[in-house]
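*Asks:* Take the sequence shown: its letter number 84 is residue 104 in our numbering, and every next letter is one higher.
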Amino acid sequence: MTSFDTVGGFSFLRQRVFVEVLNDLGQGLDLTIHCKSDDDDLGVQLIKYPDGLFKFNFRPNAKGTNLFYCTFHWSNEFCCFNIYVFDRDHPQCSNCSWKIRPTGPCKLNYVTRQYDLCFPWNSN
Numbered sequence: 021m022t023s024f025d026t027v028g029g030f031s032f033l034r035q036r037v038f039v040e041v042l043n044d045l046g047q048g049l050d051l052t053i054h055c056k057s058d059d060d061d062l063g064v065q066l067i068k069y070p071d072g073l074f075k076f077n078f079r080p081n082a083k084g085t086n087l088f089y090c091t092f093h094w095s096n097e098f099c100c101f102n103i104y105v106f107d108r109d110h111p112q113c114s115n116c117s118w119k120i121r122p123t124g125p126c127k128l129n130y131v132t133r134q135y136d137l138c139f140p141w142n143s144n
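(1) Answer with yes or no whether the minimum CB distance from L137 to chain D is below 9 Å.
(2) For G84, which residues from the same chain have a beta carbon less than 6 Å from its beta carbon, with the 5 sequence-adjacent residues on both sides left out?
(3) Where do the ends of the beta strand (DSSP E) carrying D136 lie?
(4) By the three-class DSSP mapping on this structure, what secondary structure does R121 have?
(5) Note down, in chain order, each residue of its chain lying with its Cβ closer than 8 Å to the Cβ of L73, except the 5 sequence neighbours on either side.
(6) List the whole-angstrom C-beta distance separating C116 from V37, where the pair is believed to meet the contact cut-off of C-beta under 8 Å.
(7) Rounded to whole angstroms, what's the CA-CA distance from I120 to Q35? Just pull it up for me.
(8) So D109 is in the beta strand (DSSP E); what residue range does that whole segment cover?
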C-alpha cells in the first residue's frame with residue numbers, strides 16, 4: 021500500500037527513508053543507542069563492534085518536519101545527535117548510513133563513497 025499526503029490540494033507520494041547506524045568506536049567498544057521522534061520510540065539497541073548495525077525506516081511527513089534524535093552510550097561516554105533532520109538530510113539522503121565514532125557521527129558521502137561527512141555531537 022502506498023501512502024499519500026495532501027497539502028494545498030496537491031498529493032505527494034511519501035517515499036520511505038532508510039537509516040542505518042554502524043558502530044565505528046573501536047575494538048572492544050559496544051554501543052548502546054536509543055532513537056526516537058515525536059511519533060516513534062525505536063527502543064534501546066545494542067550495536068556490537070565491529071559488524072553490528074541498527075536499521076530503521078519511516079515515511080517523511082508532508083510538512084518536512086521529521087527529526088529522529090538519538091542518545092549514544094559506550095564506556096563512560098554519553099552523547100546525543102539528531103540522526104535524521106529533514107531540512108539537513110532530504111532529499112539527498114533517502115538511504116542514510118552513519119558510522120558512530122568517538123569524535124562524532126559521520127555520514128556516508130555518496131559522491132566519495134567515504135564516511136567523510138562528519139558532525140559534532142549535540143551540545144547538552
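For glycine and all other residues, C-beta sits at the position ideal for the given N, C-alpha and C.
*Replies:* This is what the structure gives:
(1) In summary, chain D is missing from the structure at hand, where a single protein chain is found.
(2) A distance below 6 Å between beta-carbons, with the five flanking residues on each side excluded, links G84 to the following residues of its chain, in chain order: F106.
(3) 134-138
(4) strand
(5) E40, V41, L42, N43, I67
(6) 7 Å
(7) Looking at the two C-alpha atoms, the distance is approximately 26 Å.
(8) Looking at the DSSP string, D109 is not in any beta strand (DSSP E); the run it does join, the alpha helix (DSSP H), is 106-109.
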